[in-house]
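J.: In full-length UniProt numbering, the protein residues as written are 1 to 193.
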Amino acid sequence: MIRTLLILDGALVRGALAFVLSAQDDIDVVGEGDTGDDATALIRSLRPDVVVTDLGVMAGPHRRFACPALVLASQQQARRLVAAVRQQAQPCGFLGDHVAPQRVVDGVRRLARGEPVADARLAVAALNRSNPLTERETEILEIAATGSPAKDIAARLHLSPGTVRNYLSRVVAKVGARTRIEAVRIAQESGWI
1 MIRTLLILDG
11 ALVRGALAFV
21 LSAQDDIDVV
31 GEGDTGDDAT
41 ALIRSLRPDV
51 VVTDLGVMAG
61 PHRRFACPAL
71 VLASQQQARR
81 LVAAVRQQAQ
91 PCGFLGDHVA
101 PQRVVDGVRR
111 LARGEPVADA
121 RLAVAALNRS
131 NPLTERETEI
141 LEIAATGSPA
151 KDIAARLHLS
161 PGTVRNYLSR
171 VVAKVGARTR
181 IEAVRIAQES
191 GWI
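(1) Whole angstroms is fine: what's the gap from Ser130's alpha carbon to Val175's?
(2) When the Cβ atoms of the region 33 to 52 are set against those of the region 101 to 112, are three or more pairs found closer than 8 Å?
(3) In whole angstroms, what is the alpha-carbon distance linking residue 197 and Pro132?
(4) Label Thr35 either buried or exposed according to how many other C-beta atoms from any shown protein chain fall within 10 Å of its C-beta, with 16 as the threshold for buried.
(5) By alpha-carbon positions, which one of Ala126, Met1 and Ser169 ends up nearest to Ile140?
(6) Give me the Cα-Cα distance between Pro101 and Gln24, rounded to the nearest whole angstrom.
(7) Name the DSSP bridge partner or partners of Arg3?
(8) Where DSSP assigns a beta bridge to Thr146, which residues make up the other side?
(9) Which residues share a DSSP beta bridge with Phe94?
(10) Contact between the region 83 to 94 and the region 36 to 46: three or more CB pairs below 8 Å?
(11) Leaving out the 5 sequence neighbours to the left and right, which residues in its chain are closer than 8 Å to Thr163 when beta-carbon positions are compared?
(12) So which of Cys92, Arg80 and Leu55 has the shortest CA-CA distance to Ala66?
(13) When you compare the CB positions of Val82 and Asp54, do they come within less than 8 Å of one another, or not?
(14) So what does DSSP say about Gly33, is it helix, strand or coil?
(15) Could you check what DSSP says for Val172 in three-state terms: helix, strand or coil?
(16) On the DSSP bridge list, what partners appear for residue 259?
(17) Can you give the beta carbon distance from Ile7 to Asp38, rounded, assuming they're within the 8 Å contact cut?
(18) How would you write the range of the alpha helix (DSSP H) that residue 194 sits in, first residue to last?
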């Protein structure tokens, strides 16, 4: 029996995946949580064979799992995936967060056997280091990196504050960030600004 722990943001997705995994004869979902803090405590107490998690949970500072992890990530998060997997002491597999549930089931089984699990699309996206930002988006993000608010960026570039906010929203989405600060960090780590 493969003891599996689910640490995923979003109760609906987590519950659906728990249902699918629990229906398997060889997989036992031993626990669920939605934050990195949950992961640390639950791994210690439940001692799972595999953790299924999302990149947001795994990529937390100093977050190292004490068992193999199957990471679900979006295409936009692929660049962050490499660094998150690299910090882990245990084997990690990764799949797109859009895959069919059976691929997650297969991934859990493969990780439990010590086999690699990788989504080819995510691997290609993670290795693609080209800058997805336009010249204007890069310029706006560079100014935003100094801490300037949208109003000041707009005045400096002769744009409206709404236009600047729209640019920043597109930048956040393109780099797979949740906030402007995270977008700046990703762009700096990738060498785009």
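Ideal Cβ placement from N, Cα and C applies to all residues, glycine included.
T.: On the basis of the coordinates in this document:
(1) The sequence position of residue 130 within the sequence shown is 130, counting from 1. The sequence position of residue 175 within the sequence shown is 175, counting from 1. In a straight line, the C-alpha of Ser130 is about 11 Å away from that of Val175.
(2) yes
(3) Any property of residue 197 remains undetermined from this structure, which presents the chain solely from 1 to 193.
(4) On the sequence shown, position 35 is the one that residue 35 refers to. Per the 10 Å Cβ criterion, exposed.
(5) The count along the sequence shown starts at 1 and reaches residue 140 at position 140. For the residues Ala126, Met1 and Ser169, the minimum Cα distance to Ile140 belongs to Ser169.
(6) In the sequence shown, residue 101 corresponds to position 101, counting from 1. In the sequence shown, residue 24 corresponds to position 24, counting from 1. So the alpha carbons of these two residues sit roughly 12 Å apart.
(7) Translated into positions along the sequence shown, residue 3 becomes position 3. BP columns for Arg3 point to Asp28.
(8) For the purposes of this step, residue 146 is identified with residue 146 of the sequence shown, where counting begins at 1. Thr146 is not bridged to any residue.
(9) Along the sequence shown, read from residue 1 onward, the residue named residue 94 stands at position 94. DSSP, once it has assigned bridges, lists Val71 and Ala118 as partnering Phe94.
(10) no
(11) Position 163 of the sequence shown holds residue 163. Taken in chain order, the residues that qualify are Ala154.
(12) Reading the sequence shown from its first residue, position 66 is the one you call residue 66. Out of Cys92, Arg80 and Leu55, Cys92 has the C-alpha closest to the C-alpha of Ala66.
(13) Mapped onto the sequence shown, residue 82 falls at position 82. Mapped onto the sequence shown, residue 54 falls at position 54. Contact: no.
(14) As a working note, residue 33 is residue 33 in the sequence shown. Residue state, collapsed to three classes: strand.
(15) Mapped onto the sequence shown, residue 172 falls at position 172. DSSP places Val172 in helix when its eight states are reduced to three.
(16) Residue numbering for the chain in the displayed model covers 1 to 193; residue 259 lies beyond these limits and cannot be assessed.
(17) By one-based count along the sequence shown, residue 7 stands at place 7. By one-based count along the sequence shown, residue 38 stands at place 38. Right, the Cβ-Cβ distance comes to about 6 Å (below 8 Å), so this counts as a contact.
(18) For residue 194 there is no data in the structure shown, the boundaries of the chain being 1 and 193.
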